[in-house]
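One structure is given below, encoded as structure tokens.
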Amino acid sequence: MKTIIKTIKRSSKVAGLVLLLAIPVNLFAQETVESLLDRATASGIDQTRITEVRQRVQERGMSDQEFMSIIQPAIDMADENLPYEMIFEKVLEGLSKGVSTQRMAPVLSSIHENASRSAQFVDRWMQRSEVRKFVERGEGRMEREQFRNEMVKAGSKAMMQNIDEGILIETLNNVSEGNMDKVKPSGLLAAINILGDLPNGSNSASQNARLVLRALQSGFEAGDIQKLPAALNMAQRRSQLPAAAVGKGFMEQIERGFPSERILQNMFNGQVGGGPPGNVPGGIMNERPGRPGGN
Numbered sequence: 000m001k002t003i004i005k006t007i008k009r010s011s012k013v014a015g016l017v018l019l020l021a022i023p024v025n026l027f028a029q030e031t032v033e034s035l036l037d038r039a040t041a042s043g044i045d046q047t048r049i050t051e052v053r054q055r056v057q058e059r060g061m062s063d064q065e066f067m068s069i070i071q072p073a074i075d076m077a078d079e080n081l082p083y084e085m086i087f088e089k090v091l092e093g094l095s096k097g098v099s100t101q102r103m104a105p106v107l108s109s110i111h112e113n114a115s116r117s118a119q120f121v122d123r124w125m126q127r128s129e130v131r132k133f134v135e136r137g138e139g140r141m142e143r144e145q146f147r148n149e150m151v152k153a154g155s156k157a158m159m160q161n162i163d164e165g166i167l168i169e170t171l172n173n174v175s176e177g178n179m180d181k182v183k184p185s186g187l188l189a190a191i192n193i194l195g196d197l198p199n200g201s202n203s204a205s206q207n208a209r210l211v212l213r214a215l216q217s218g219f220e221a222g223d224i225q226k227l228p229a230a231l232n233m234a235q236r237r238s239q240l241p242a243a244a245v246g247k248g249f250m251e252q253i254e255r256g257f258p259s260e261r262i263l264q265n266m267f268n269g270q271v272g273g274g275p276p277g278n279v280p281g282g283i284m285n286e287r288p289g290r291p292g293g294n
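Per numbering that gives the first Met the number 0, residue 0 is the first one in the sequence shown, and the count goes up by one each step.
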């Protein structure tokens, strides 16, 4: 009789364990929207942004789980002292285009990963004494932490455009090791931001980085740097020269001491050599497609 009772008790325990395992784990592990919002608040995330995203999600008829899945990366970045605003910008862009959370997920993950990598080399660079002085003598429009976050965002954007991390590190090092008197923090920030937008993009990233650095050191300010992609692309189109030849013409104009406004206008006009239309130095003219020695 005792044996039968033990067998019944043992069977009851096994059945109970089987029933427990049959209950979805998510029922225990699943976080509520309220607890996630509490964590977001604790991380210092701007609540107006969360409210904006939640409203947009509800307008699209998406579930709480979908809302939580696209907010979580922002909380992770905030916890790691990364500029989480990048997540909100991409999420709102995706929602406006009707992109599903499943398609957003890898993009948000890539933003997080690249921002983390960018922060590592930006933080190392900003620890240098000469860089601290460089940031402090800025135009006063950006505090150190804001400049750091904007640089992290710029580095992340460049890497998402397939600009090699090593080129970004080399560019920052060259800035701090060279003549920084004419370089301004806002100009450097603009330079990193437009690297992937210059002719040939990642394929000519190293040459483009040298071009932008030389422009900074010659006195190009943020507004000038921001015009560079359009100016160089227009110069290439109007002159029908390869990107490398256009870059060479740009550098030659800098060496001749032309002011930034004149160089940019020359480029927009297709005057790669800096003179009247069609006045292209021989070394550059030879690179025109179809000519001997050209591409």
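Note that beta-carbon positions come from the ideal geometry of N, C-alpha and C, so glycine has one too.
Which one of the options has the shortest CA to CA distance from residue i?
i           : options               : result
residue 55  : 46, 127 and 66        : 66
residue 238 : 163, 227, 265 and 64  : 265
residue 199 : 85, 161, 143 and 181  : 161
residue 49  : 36, 99 and 136        : 36
residue 120 : 128, 155, 69 and 88   : 155
residue 254 : 172, 216 and 116      : 216
residue 206 : 245, 270, 126 and 187 : 245
State the Cα-Cα distance for the pair residue i and residue j, rounded to the nearest angstrom.
i           : j           : result
residue 44  : residue 272 : 50 angstroms
residue 195 : residue 241 : 17 angstroms
residue 34  : residue 78  : 16 angstroms
residue 243 : residue 82  : 35 angstroms
residue 80  : residue 52  : 21 angstroms
residue 63  : residue 32  : 7 angstroms
residue 3   : residue 41  : A caution first: residue 3 carries a pLDDT of 43, below 50, which makes its placement in the model unreliable, though a value can still be read off. Taking the straight line from one Cα to the other gives about 56 angstroms.
residue 197 : residue 153 : 14 angstroms
residue 118 : residue 58  : 35 angstroms
residue 159 : residue 259 : 29 angstroms
residue 232 : residue 107 : 30 angstroms
residue 201 : residue 39  : 36 angstroms
residue 134 : residue 191 : 16 angstroms
residue 267 : residue 76  : 40 angstroms
residue 91  : residue 102 : 13 angstroms
I need the boundaries of the alpha helix (DSSP H) containing residue i, first residue and last residue.
i           : result
residue 38  : 32-41
residue 270 : No alpha helix (DSSP H) holds residue 270; DSSP gives it neither H nor E.
residue 160 : Element bounds for residue 160: n/a, residue is neither H nor E.
residue 185 : 184-193
residue 181 : Element bounds for residue 181: n/a, residue is neither H nor E.
residue 59  : Premise fails: residue 59 is in no alpha helix (DSSP H) and is neither H nor E.
residue 254 : 242-254
Give, in chain order, every unbroken run of the alpha helix (DSSP H) that is at least 4 residues long and sits entirely within the stretch 212-239. 221-238
Quick one: which unbroken alpha helix (DSSP H) runs of 4-plus residues sit fully inside the stretch 62-129? Chain order, please. 63-78, 84-95 and 100-125
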